[in-house]
């Protein structure tokens with residue numbers, strides 16, 4: 001742009017650009033090296049209450065508040081001369097009536113063919129605060145994400161710190177329950193176990209909800225035998241349902257596929273939450289676990305999993321809130337039903353992640369039916385399935401095994417050793433990963449129960465060394481027995497070479513089932529989590 005085009009506004013006929021510059025509906029001006037205005041659009045001058053003639057020949061700093069004028073003189077102009085451009089510099093101009101005009105100014109240097117400075121050209125926009133607001137929002141978002149990560153770390157740490165001693169408390173309580181106690185003392189032990197279980201379920205729910213809120217919930221797709229999965233759910237809840245004087249029914253559609261691709265842990269988590277909810281709000285009658293096939297194609301099956309109860313029922317108003325966090329059903333009978341209102345919210349998040357439909361059908365006083373409906377890919381299964389019993393019997397005790405326990409906490413060492421010896425197994429206990437690897441290399445074991453958080457070499461590091469210890473030693477089944485159960489822990493453990501996991505506190509029945517399955521070469525799951 002030649003210098004002559006920016007000398008003034010009085011030669012419009014000779015210079016069409018000057019006519020455009022003067023009349024364009026754009027806030028723009030041009031100044032020389034000293035900040036003196038050499039051209040300004042009439043539109044911009046009018047916004048400040050002036051005409052172009054009032055402003056041309058005067059310093060642009062005269063029309064700024066002192067702070068902006070000083071910054072323009074000492075910071076902006078030197079930067080502009082050095083870099084040839086500045087972008088969205090905040091300035092406050094003064095209108096003729098003395099009111100402020102907040103603006104964002106972007107400017108470039110105009111140079112001649114030899115690169116010598118001619119003038120600046122500035123484009124001005126009203127500063128409505130959105131840029132600053134955007135920056136504030138971005139900063140707030142970063143702070144919120146940092147706080148969320150800190151919360152997750154805190155919950156994970158607290159979960160581990162609480163689960164470790166609770167494992168000992170509940171473990172010894174469960175062992176005590178198996179001893180010769182009178183009815184009164186057995187009731188006291190049952191109360192300890194029930195209260196501890198409620199605390200552990202709350203910890204699990206809080207940790208799950210935290211991971212879901214931060215988008216860290218991972219859904220897997222694994223070949224899954226549906227019948228054993230459903231048998232486990234029914235078996236886990238049969239005793240609790242019976243102790244409350246209720247009947248548990250299991251209704252399985254004969255057309256249900258034997259094997260599908262799904263996330264078995266999340267599927268069981270949904271059913272366990274449905275069962276826990278039904279048990280909490282049902283005082284008499286029946287709880288029914290039902291699976292129906294809605295439709296099938298060559299490759300997919302549409303399944304509807306239901307838990308129906310004969311409990312207090314739910315009003316339409318409460319149904320609308322039911323899948324939100326910390327919402328509890330209010331009983332018309334004034335009975336405190338317990339719970340924290342997290343389980344169904346977690347189920348809702350799982351449904352969204354698995355593209356499933358979740359809902360409830362109910363009327364007050366007429367019970368409720370919770371459903372979870374989803375489409376799953378079919379997976380061939382050569383094994384025939386058996387018709388389930390209404391309440392599956394406990395699996396028979398398997399053969400004696402030689403078990404290595406890697407656990408650093410002395411109380412938990414005692415609990416695990418007592419449980420395993422009570423189940424008829426031979427036990428060796430070590431305190432860290434180095435000792436676990438050394439034991440594997442020096443002896444033969446049928447199974448390893450591996451804690452993850454241990455001093456020196458942790459459980460995952462020990463597992464990695466065991467898996468590379470040679471063809472004979474590397475194939476020993478390893479079960480992670482740990483208080484860390486949140487997030488994608490199972491996938492991470494499998495990737496590290498671990499065959500499965502048991503969460504602390506360890507339930508003796510789940511321990512027995514896991515050992516029997518692992519030693520026989522089968523898959524296994526942990527106990528009912530919510």
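Residue numbers (the UniProt record's numbering): 1 to 530. Glycine is no exception: its CB is placed at the ideal position from the N, C-alpha and C atoms.
Expected contact under 8 Å - CB spacing of residue i and residue j to nearest Å
i: residue 51; j: residue 119; result: Not a contact, Cβ separation roughly 20 Å.
i: residue 469; j: residue 441; result: 6 Å
i: residue 499; j: residue 466; result: With a Cβ gap of about 11 Å, residue 499 and residue 466 do not count as contacting.
i: residue 300; j: residue 377; result: 6 Å
i: residue 278; j: residue 307; result: 5 Å
i: residue 401; j: residue 476; result: Their Cβ separation, rounded to whole angstroms, is 11 Å, which puts residue 401 and residue 476 out of contact at 8 Å.
i: residue 199; j: residue 303; result: Going by Cβ atoms, the distance from residue 199 to residue 303 rounds to 33 Å, so no, they are not a contact pair.
i: residue 261; j: residue 296; result: Not quite, the Cβ-Cβ distance comes to about 14 Å (not below 8 Å), so this is no contact.
i: residue 305; j: residue 371; result: 7 Å
DSSP state of residue i mapped onto helix, strand, coil
i: residue 251; result: strand
i: residue 348; result: helix
i: residue 473; result: coil
i: residue 303; result: strand
i: residue 84; result: coil
i: residue 402; result: strand
i: residue 446; result: coil
i: residue 205; result: helix
i: residue 102; result: strand
i: residue 190; result: helix
i: residue 220; result: coil
i: residue 26; result: coil
i: residue 179; result: coil
i: residue 111; result: strand
i: residue 79; result: helix
i: residue 357; result: strand
i: residue 160; result: helix
i: residue 335; result: Residue confidence for residue 335 is low, a pLDDT of 45 falling below 50, so the modelled location carries little weight and cannot support an answer.
i: residue 230; result: helix
i: residue 435; result: helix
i: residue 59; result: strand
i: residue 511; result: helix
i: residue 497; result: coil
i: residue 377; result: strand
i: residue 392; result: Bear in mind that the predicted position of residue 392 carries a pLDDT of just 40, short of 50, making it unreliable; the figure below should be weighed with that in mind. Residue 392 falls in the coil class under three-state DSSP.
i: residue 466; result: helix
i: residue 288; result: strand
i: residue 72; result: helix
i: residue 152; result: helix
Closest by C-alpha distance to residue i, when choosing among the options
i: residue 403; options: 204, 481, 255; result: 481
i: residue 353; options: 281, 311, 218, 276; result: 218
i: residue 159; options: 301, 400, 453; result: 453
i: residue 457; options: 436, 87, 443; result: 436
i: residue 443; options: 459, 426, 229, 451; result: 426
i: residue 293; options: 275, 307, 53, 255; result: 255
i: residue 230; options: 451, 259, 220; result: 259
i: residue 67; options: 346, 93, 112; result: 93
i: residue 356; options: 57, 266, 518; result: 266
i: residue 539; options: 28, 34, 65, 33; result: The structure shown does not extend to residue 539, since the chain spans only 1 to 530, so no value can be given for it.
i: residue 96; options: 111, 516, 104, 65; result: 65
i: residue 42; options: 54, 461, 283; result: 54
i: residue 369; options: 445, 291, 474; result: 291
i: residue 44; options: 262, 124, 108; result: 124
i: residue 193; options: 173, 142, 85; result: 173
i: residue 87; options: 313, 109, 411; result: 109
i: residue 318; options: 359, 309, 283, 351; result: 359
i: residue 175; options: 459, 375, 414, 515; result: 414
i: residue 367; options: 461, 112, 288; result: 288
i: residue 445; options: 459, 154, 474; result: 474
i: residue 346; options: 508, 421, 268; result: 268
i: residue 126; options: 280, 189, 493, 106; result: 106
Which residues DSSP lists as bridging residue i, in chain order
i: residue 37; result: 31
i: residue 295; result: 302
i: residue 270; result: Bridge partners of residue 270: none, in fact.
i: residue 482; result: 503
i: residue 91; result: 103
i: residue 64; result: 93
i: residue 407; result: Its beta-bridge partners do not exist; DSSP assigns none.
i: residue 262; result: 222
i: residue 117; result: 111
Distance cut-off 8 Å: residue i Cβ against heavy atoms of the ligand GTP
i: residue 430; result: Among the ligands in the structure shown, none appear at all, so the ligand GTP cannot be discussed.
**Asked** Are at least three pairs of beta-carbons, each pair with one atom in the region 423–435 and one in the region 500–507, less than 8 Å apart?
**Response** no
**Item:** Sufficient close CB pairs (3 or more, under 8 Å) joining the region 239–254 to the region 202–209
**Value:** no
**Asked** When the Cβ atoms of the region 163–174 are set against those of the region 225–241, are three or more pairs found closer than 8 Å?
**Response** no
**Message:** If contact is defined by three or more beta carbon pairs under 8 Å, each pair taking one atom from either stretch, is the region 94–109 in contact with the region 35–42?
**Reply:** Contact between the region 35–42 and the region 94–109 is absent, because fewer than three Cβ pairs lie under 8 Å.
**Asked** Using 8 Å as the Cβ pair cut-off and three pairs as the minimum, do the region 52–64 and the region 76–87 touch?
**Response** No: the two stretches stay apart, fewer than three of their Cβ pairs being nearer than 8 Å.
**Asked** Is the region 403–416 touching the region 361–368 in the sense that three or more CB pairs, one from each, lie closer than 8 Å?
**Response** no
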